[in-house]
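Order-wise, the sequence lines are chains A and Z. The letter at position 28 of the first sequence is residue 27 when you use numbering that gives the first Met the number 0, and the numbering goes up by one with no holes. The letter at position 80 of the second sequence is residue 79 when you use numbering that gives the first Met the number 0, and the numbering goes up by one with no holes. Cβ atoms here follow ideal geometry from the backbone N, Cα and C, with glycine treated the same way. As the structure is a computational prediction, the values presented were derived from the model and not from experiment. First the structure, in the form of structure tokens, and then the observations on it.
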Amino acid sequence: MFNYAEIKDGIVVGLQESDNKIVSPNLVIANNAVSLGDNYNNGKFTPFVKVAEKIRLISADAMRDRFTFDERVLVKQNANVKVQTFYDDLSFRKRAVNLDSPRFALAFALLEAENIITPERTAVLTADGSPDEAL
Amino acid sequence: MKLLAPSSAIKSIQRGSFSNYTGNKNVTVSEVDMSKSVLNVHSKNSGSSTTGRGSWNAGGIISNSTTLAFSGTSYSTNMISYGVTYWELIEYV
Chain A
0 MFNYAEIKDG IVVGLQESDN KIVSPNLVIA NNAVSLGDNY NNGKFTPFVK VAEKIRLISA
60 DAMRDRFTFD ERVLVKQNAN VKVQTFYDDL SFRKRAVNLD SPRFALAFAL LEAENIITPE
120 RTAVLTADGS PDEAL
Chain Z
0 MKLLAPSSAI KSIQRGSFSN YTGNKNVTVS EVDMSKSVLN VHSKNSGSST TGRGSWNAGG
60 IISNSTTLAF SGTSYSTNMI SYGVTYWELI EYV
């Protein structure tokens, strides 16, 4: 049995096995321990180490929970209709919150302008999600 | 009466998998008789809801005696690197 790997940019992107030899410039000899995503450099394969994926979509509930009690009180007390509208939208929101959304960036800028949160808090509020915050 | 040992109707089997591509892709295989060969293709999406929603579909044909031609679609660009296509080329006697 012949085992081959297709390499692209130093990464194994394809695997093949055949009883007969395959002649292709795209393939290198591999063994059956090689997996898709493994690294390939100077004729050697090294296992793919999966890096934890950043969670940038969190539930609306999780987003609301990120606000402290005092921040929620400040929102309620704020006279700016835009602030109230933002929080109402968040309260009734069913869909996920995209932490990279430009609309949310504008909303956080508004909350900063209204002195409800600080830039440091914005960084915390838009930080990567945890697994329990994901949908 | 002479008993014959059972013989397989399969001459050869080649298998493979690939990921990380968009559009069309050719795979070179060991030569087969196209008229006696069958290509089975299965694709899966291994993405997650936290990295984006999408799905991955791919199909393939035996383009010539040494080439398989695949085409794939991904409903989300986030899914491209997560879609995996598995194929199996069976050549019968």
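Beta carbon proximity, residue i to chain A, threshold 8 Å
i: SER48(Z); result: Bear in mind that a pLDDT of 44 at SER48(Z), under 50, signals an unreliable position, so the number given afterwards is only what the model happens to contain. Chain A, which has a Cβ nearer than 8 Å to the Cβ of SER48(Z), makes this yes.
i: PHE17(Z); result: yes
i: SER11(Z); result: yes
i: SER70(Z); result: no
i: VAL40(Z); result: no
i: VAL83(Z); result: yes
i: SER29(Z); result: yes
Residues sharing a beta bridge with residue i, DSSP
i: LEU26(A); result: GLU5(A)
i: GLU16(A); result: ASN2(A), ARG14(Z)
i: ASN39(Z); result: GLU87(Z)
i: ALA106(A); result: Answer is none; ALA106(A) lacks a bridge partner.
i: GLY58(Z); result: SER70(Z)
Selection from the options that minimises the alpha carbon distance to residue i
i: VAL72(A); options: MET62(A), ASP60(A), TYR86(A); result: TYR86(A)
i: MET33(Z); options: LYS10(Z), GLY15(Z), LYS43(Z); result: LYS10(Z)
i: ASP131(A); options: LEU89(A), ASP60(A), ASN77(A), GLN76(A); result: ASP60(A)
i: ARG139(A); options: GLN15(A), VAL80(A), GLY9(A), ARG63(A); result: Any question about residue 139(A) goes unanswered here, given that chain A covers just 0 to 134.
i: GLU5(A); options: LEU88(Z), VAL40(Z), SER18(Z), HIS41(Z); result: SER18(Z)
i: ASN56(Z); options: SER42(Z), ASN63(Z), SER7(Z); result: SER42(Z)
i: GLY58(Z); options: THR66(Z), ASN39(Z), THR65(Z), SER64(Z); result: ASN39(Z)
i: ILE66(Z); options: VAL83(Z), GLU30(Z), VAL92(Z); result: Residue identity differs from the one stated: residue 66(Z) is Thr in this sequence, not Ile. For THR66(Z), the nearest C-alpha among the options comes from GLU30(Z).
i: ASN23(Z); options: ILE12(Z), SER70(Z), LYS35(Z), THR84(Z); result: SER70(Z)
Cβ of residue i within 8 Å of any chain Z Cβ
i: LYS81(A); result: no
i: VAL48(A); result: no
i: VAL96(A); result: no
i: LEU14(A); result: yes
i: SER58(A); result: no
i: SER23(A); result: yes
i: LYS93(A); result: no
i: LEU19(A); result: The sequence given here places Asn at residue 19(A); Leu does not occur at that position. For ASN19(A), the answer is yes, since a Cβ of chain Z falls inside 8 Å of its Cβ.
Distance, residue j Cα to residue i Cα
i: LYS43(A); j: VAL22(A); result: 20 Å
i: TRP86(Z); j: GLY15(Z); result: 5 Å
i: GLU70(A); j: ILE54(A); result: 24 Å
i: VAL27(A); j: GLU16(A); result: 12 Å
i: TYR39(A); j: PHE47(A); result: 10 Å
i: PRO101(A); j: GLN83(A); result: 19 Å
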